[in-house]
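What follows is a single structure, written as structure tokens, with notes after it.
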Amino acid sequence: MLLAQPTKSQAALKLGRVLIVEDEELIRETLAFALGGEGYEVVTAGDGRTALEMTYEQLSAAELTPPFDLIILDLMLPYINGLDLCRLLRRQGSNVPILILSARGTETDRVVGLEVGADDYLTKPFGMRELIARCRALQRRYRSPETTIPEDQILKFADITLFLQECRVVVRGTEVNFSPKEFRILELFMRHPRRVWSRDQLLERVWGNDFMGDSKTVDVHIRWLREKVEVDPSHPQILQTVRGFGYRLG
Ligand code: CA
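Heads up: the sequence shown at position 107 corresponds to 140 in the working numbering, and the numbers run straight through without jumps.
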């Protein structure tokens, strides 16, 4: 019996986008060829800085979807090494599955890799079939919390409940009045728990591109928000400052 084969584009749609970060060209091209043949949409980076820029650009552009569905990450890389890159991605709030592929194979190497936020660790030299099987397993386990939040319902975080359609916010059981800007900022944070937003990103999303003020406006609104949602606004536990980056929920 003949079964219909999915076209390559249908398969890529299902498997998603994979970012390969590897400075050795031969390995990078071999991986790209193999994963492309499996049906992944493949993007490559030859060093850590390029990879960070790619993920960061896509993170700021993405609405509700993560920038990549999977990252395969070498450790010894120019400019930013794999461990630092992994750490930075997690600090930005990215929950994309990360598989480290490294020549460093001691138990300590593996533990450190997993501790900075990688989901799996494979040592070079590796078998391509095993790598592909691990990629698939990672994706099976991966469920993005961002994509599971329904557009038209209620958002909850800690003791805060946001009723989207009614534009109401309840904090620790009490209804609190929010200005439209404050509501919009809080909604953005609650739709993307743990994601770090820079001041410029918040300005763009909440105030729009034609806003002429500066990023201090964001700080002022965050202060007002903290007065409404935090138990102790001078020691925020909900709207946290991520030094050098911006703000994060939780
Ligand atoms: Ca390398």
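Note that the Cβ used here is the ideal one computed from N, Cα and C, for glycine as well.
If you check the CB distance, residue 71 and residue 165 come in under 7 Å. Note: residue 190 is bridge-paired with 193 in the DSSP secondary-structure output. At least one heavy atom of ligand 1 lies closer than 6 Å to the C-beta of residue 107. In this model, residue 103 and residue 51 are separated by some 5 Å (Cα to Cα).
Sequence-distant partners of residue 75 (beyond 5 residues in either direction) whose C-beta falls short of 7 Å from its own C-beta, in its chain, are 51, 53, 65, 68, 69. Around the beta-carbon of residue 268, fewer than 16 other beta-carbon atoms lie within 10 Å, marking it exposed. Of 224, 116, 167, the smallest CA-CA separation from residue 144 is found for 116. Residue range 140-148 is occupied by the alpha helix (DSSP H) that includes residue 146. With a threshold of 6 Å, the Cβ atom of residue 142 does not count as near ligand 1, since no heavy atom of the ligand is closer than that.
By the Cβ criterion, the stretch 144-164 is not in contact with the stretch 183-203, since fewer than three pairs of Cβ atoms, one from each stretch, lie closer than 8 Å. Per DSSP, the beta bridge partners of residue 78 are 54.
Remark: C-beta atoms of residue 229 and residue 281 approach each other more closely than 7 Å. Remark: C-beta atoms of residue 110 and residue 146 do not approach each other more closely than 7 Å. Annotation for residue 134: the continuous beta strand (DSSP E) segment containing it runs 131-135.
Secondary structure at residue 175: coil, using DSSP grouped into helix, strand and coil. Within the same chain, 126, 281, 282, 283 come within 7 Å of residue 227 by CB-CB distance, once the 5 residues on both sides are set aside. With fewer than 16 other Cβ atoms from the protein chains shown falling within 10 Å of its own Cβ, residue 59 counts as exposed. Counting only residues of its own chain and dropping the five nearest sequence neighbours on each side, residue 114 has a CB closer than 8 Å to the CB of 81, 108. Shortest gap from the CB of residue 153 to any heavy atom of ligand 1: 6 Å or more. Residue 245 counts as exposed, since fewer than 16 other C-beta atoms from the protein chains shown sit within 10 angstroms of its C-beta. For residue 235, the enclosing alpha helix (DSSP H) starts and ends at 232-235.
In this model, residue 155 and residue 122 are separated by some 19 Å (Cα to Cα). Between residue 255 and residue 239, the C-beta gap is not smaller than 7 Å, which leaves the two residues out of contact.
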